[in-house]
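> Got a structure for you, written out below as structure tokens; questions coming shortly.
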Amino acid sequence: MSNIPTPHISAKKGEIAKTVLMPGDPLRSKFIAETFLTDAVLVNNVRGVQGYTGTWKGVPVTVQASGMGIPSIGIYSYELYNFYDVENIIRIGSAGALSTDLHVMDVVAGMGACTDSNFVHQFGLNGTFAPIASYGLLTTAVEAAKARGVDMKVGNILSSDNFYDMDGKDPSSEWAKMGVLCVEMEGAGLYMNAARAGKNALCICTISDHITLPEEILTSDQRQTAMTQMIEIALDTAAKLG
Numbered sequence: 004m005s006n007i008p009t010p011h012i013s014a015k016k017g018e019i020a021k022t023v024l025m026p027g028d029p030l031r032s033k034f035i036a037e038t039f040l041t042d043a044v045l046v047n048n049v050r051g052v053q054g055y056t057g058t059w060k061g062v063p064v065t066v067q068a069s070g071m072g073i074p075s076i077g078i079y080s081y082e083l084y085n086f087y088d089v090e091n092i093i094r095i096g097s098a099g100a101l102s103t104d105l106h107v108m109d110v111v112a113g114m115g116a117c118t119d120s121n122f123v124h125q126f127g128l129n130g131t132f133a134p135i136a137s138y139g140l141l142t143t144a145v146e147a148a149k150a151r152g153v154d155m156k157v158g159n160i161l162s163s164d165n166f167y168d169m170d171g172k173d174p175s176s177e178w179a180k181m182g183v184l185c186v187e188m189e190g191a192g193l194y195m196n197a198a199r200a201g202k203n204a205l206c207i208c209t210i211s212d213h214i215t216l217p218e219e220i221l222t223s224d225q226r227q228t229a230m231t232q233m234i235e236i237a238l239d240t241a242a243k244l245g
């Protein structure tokens, strides 16, 4: 009995490429498909979480939204890795800067992903798992960034379950003291699913706001359409993998 279509992805066998770019926002998925991909076809629209497959530089690429948070990207990445035979997932999202060396619109690649999530509990490990990017994807993305003249920062990121803190506390300064560059909400879960499936994952983010510095925050429209450097780095990485 076939596992596809899945409860969350309606694509048929062969309609999803080996490399998937994964923004959180379904509208960003649509924007990327219409702006960058050649012959893009809508292959998933379950719950309005859009996925498209087309080509970039002649190489098949799928762009599939993940929604927000580790539980959501956990579902989509699991189904892509385990049911659709996807080999590589590159998350392309927004993040809040923690490091004072970062500024709005900078691009960051997560070499590792700290987390306050309990997602790892399901794997039954007797210790602390350190979620990391796939080295091959990371080095390919670094080279792609250099080729485009982008000074992409590489380091540790934080994948948090909480966008709002109910006590009004700001724990970000403690993470910053440990050299963590920025905070987002999905990377660690993606890295864990990739590790368990024996597949590859990378999280690339554009800084949309700064947690500690008074820099202008990107609007929702800007987050949807203005992150072209990050998108082109991810697409070029996918093309090199092809």
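To convert, count from 1 in the sequence shown and add 3; that's the numbering used here. A virtual CB, placed ideally from N, CA and C, is assigned to each residue, including glycine. It should be emphasised that the depicted structure is a prediction, and the values quoted were computed from it without experimental measurement.
1) If residue 36 and residue 66 are in contact, beta carbons under 8 Å, what's the gap, nearest whole angstrom?
2) Which runs of the alpha helix (DSSP H) fall wholly inside the segment 168-223 and span at least 4 residues, in chain order?
3) Is residue 244 near residue 85, with beta carbons less than 9 Å apart?
4) Using only alpha-carbon positions, find the residue among 69, 82, 59 that is nearest to residue 7.
5) Buried or exposed for residue 126, going by 16 or more other Cβ atoms inside 10 Å?
6) In terms of alpha-carbon separation, which member of 216, 170, 122 lies closest to residue 196?
7) On the DSSP letters alone, give me the boundaries of the beta strand (DSSP E) that residue 156 sits inside.
8) When the Cβ atoms of the segment 94-105 are set against those of the segment 206-221, are three or more pairs found closer than 8 Å?
9) Let me know if residue 152 comes out buried or exposed under the rule of 16 or more other beta-carbons within 10 Å of its beta-carbon.
10) Chain D beta carbons: is any one of them nearer than 9 Å to that of residue 234?
11) How is residue 4 classed by DSSP in three states: helix, strand or coil?
12) Tell me the DSSP secondary structure of residue 65 in three-state form.
13) Quick check on residue 137: buried or exposed, where buried means 16 or more other Cβ atoms within 10 Å of its Cβ?
14) Just mark residue 231 as buried or exposed, buried being the case when its beta carbon has 16 or more other beta carbons within 10 Å.
15) In this structure, how does DSSP classify residue 87 when only helix, strand and coil are distinguished?
16) Sorted by chain position, which residues of the same chain lie with C-beta nearer than 6 Å to residue 43's C-beta, five sequence neighbours on each side aside?
17) At which residue ranges does the segment 98-126 contain complete beta strand (DSSP E) runs of 3 or more residues, listed in the order of the chain?
In short:
1) Indeed they touch by this definition, with Cβ atoms about 5 Å apart.
2) Within the segment 168-223, the alpha helix (DSSP H) runs of at least 4 residues that lie entirely inside it are, in chain order, 175-180, 190-200.
3) Their beta carbons are not under 9 Å apart, which means residue 244 does not touch residue 85 by this criterion.
4) When each option's Cα is compared against that of residue 7, the closest is 82.
5) It counts as exposed.
6) Answer by Cα proximity: 122.
7) Run containing residue 156: 156-162, per the beta strand (DSSP E) assignment.
8) The segment 94-105, when compared against the segment 206-221, does touch it at the 8 Å Cβ threshold.
9) By the Cβ neighbour-count rule, residue 152 is exposed, with fewer than 16 other Cβ atoms within 10 Å of its own.
10) Although the question refers to chain D, the structure presented lacks it and comprises just one protein chain.
11) Any reading at residue 4 must be qualified, since the residue scores a pLDDT of 43, below 50, and its modelled position is unreliable; no value is offered.
12) Residue state, collapsed to three classes: strand.
13) Under a 10 Å Cβ-count criterion, residue 137 is classified as buried, with 16 or more other Cβ atoms of the shown protein chains found around its own Cβ.
14) Exposed.
15) In the three-state DSSP reduction, residue 87 falls in the coil class, being neither helix nor strand.
16) Excluding positions up to five away in sequence, the list reads 36, 55, 57.
17) DSSP runs (the beta strand (DSSP E)) wholly in the segment 98-126: 110-118.
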